[in-house]
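Each residue of the sequence shown is one higher than the one before, counting from 1293 in our numbering. Yeah, the Cβ is synthetic: ideal placement off N, Cα and C, and Gly gets one too.
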Amino acid sequence: MKILITGAAGFIGSALALRLLERGDSVYGIDNMNNYYDVHLKEARLKRTIDHHKFQFEKLDIIKRAGMAELFHREKFDAVMHLAAQAGVRYSITHPQAYIDSNLIGFGNILEGCRHGGVKHLVFASSSSVYGANTRLPFSEHDNVDHPVSLYAATKKANELMAHSYAHLYRLPCTGLRFFTVYGPWGRPDMALFKFTKGILEGTAIPVYNHGKMIRDFTYIDDIVEGVIHTIDRTARPEPGWTGNAPDPATSYAPYRIYNIGNNQPVDLMHYIETLEKCLGKKAKLEMLPMQDGDVPATSANVESLEKDVGFRPGTSIEQGVARFVEWYKSYHGHG
């Protein structure tokens, strides 16, 4: 297939591009290469794919309507994996406009491109953040998610609704993937594992929110990528038994699906830190802090629908994943 990856210099985008190229797909990547975090890391990720004969890259911002329209007119994509977005819960509290521009206007441009470009399947990144004030664990795609606690979460929920309208109106097959706390080599510096590792190695205190009383469904990057590929290959279809009398949020009479991709093995934050300490051979200095605005105390993914429909279930343990990250981090940053 010829697949467009938006956010191709990002954590998930670059890993996905590598995997798709390995299996023989043609990949066209776009990224605006913004400075939300270290651009050198994005450039280093790109170097892993840029010379592959089946990979093309263009620096392009999804909020540029004309540029996006021209891209979809010029290139004919079989499928789109939309990963480009303004990420981060806390950043959305201080920079809301960035989320409105990228996550709403930008996503609208993606939908229009797919509609007019004859794309056969749009897969897009949603987030576990959409569960917001929900407290029934594990989180299920079949539960309503109408109470986001951050603008970031609200934009991801809006993406799901926008995609459904295009699936309904234009019969554009759309699949949304709710990622749960992705971590691993080449990850984002604003994520906890990156910050914790840097702090421990430098001997500085690491911030531990809600005084460590947090539970997260940490999901290793390779599991995310495999889940994405399995989903791309299974084009969203209408659900025959769907009814408006008891509407299921995860399916539809239109070609539309929502899936969780999480490890389904939630981990206590303090155990996460202890695992990292063992891998680094060094104790952490902890700065215990209260819960931050926009945060939730626990996440856990129900992945039964993912396993049933696409035949994949994440399975990398925290011990395996953290060890692989530490090995990469030390190599990338030149630690002995």
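**OP:** From the DSSP output, in three-state form, read off GLY1479 for me.
**Re:** coil
Original post:
Any chance the CB of ALA1546 is under 7 angstroms from a heavy atom of the ligand HEM?
Top reply: No copy of the ligand HEM occurs in the structure displayed, which carries no ligand at all.
Original post:
Could you give the residue range of the alpha helix (DSSP H) that holds GLN1389?
Top reply: 1388-1391
Original post:
Mapping DSSP to helix, strand and coil, what is THR1608?
Top reply: coil
Original post:
Could you give the distance in angstroms between the alpha-carbon of MET1454 and the alpha-carbon of SER1384?
Top reply: 20 angstroms
Subject >> Rounded straight-line distance, which links the Cα of PRO1388 to that of PHE1375 >> reply: Note that residue 1375 is Leu in the sequence shown here, rather than Phe. Looking at the two C-alpha atoms, the distance is approximately 19 angstroms.
**OP:** Report buried or exposed for VAL1559, applying the criterion of at least 16 other Cβ atoms within 10 angstroms of its Cβ.
**Re:** buried
Original post:
Would ALA1425 be called buried (16 or more neighbouring beta carbons within 10 Å of its own) or exposed?
Top reply: exposed
**OP:** For ASP1393, I'd like the list of residues in its chain whose CB is within less than 6 angstroms of its CB, leaving aside the five on either flank, ordered along the chain.
**Re:** ILE1355
Subject >> Where the alpha helix (DSSP H) through ASP1514 begins and ends >> reply: 1513-1524
Original post:
Distance, Cα to Cα, HIS1625 vs PRO1532?
Top reply: 52 angstroms
Subject >> LYS1574 (DSSP reduced to helix, strand or coil) >> reply: coil
**OP:** Return the chain-ordered list of same chain residues with a C-beta closer than 7 angstroms to the C-beta of ASN1436, the five sequence neighbours on each side being excluded.
**Re:** PRO1541
Original post:
Hey, GLY1504 and ALA1497: beta-carbon distance below 8 angstroms or not?
Top reply: no
Subject >> Per-residue burial, GLY1468 [other beta carbons within 10 Å of its own, 16 or more giving buried] >> reply: buried
Original post:
Count the other CB atoms within 10 Å of the CB of ILE1565; is the residue buried (16 or more) or exposed (fewer)?
Top reply: buried
Original post:
Within the chosen definition, does the segment 1333-1347 reach the segment 1411-1427 through at least 3 CB pairs nearer than 8 angstroms?
Top reply: no
Original post:
Is ASN1426 helix, strand or coil when you go by DSSP?
Top reply: coil
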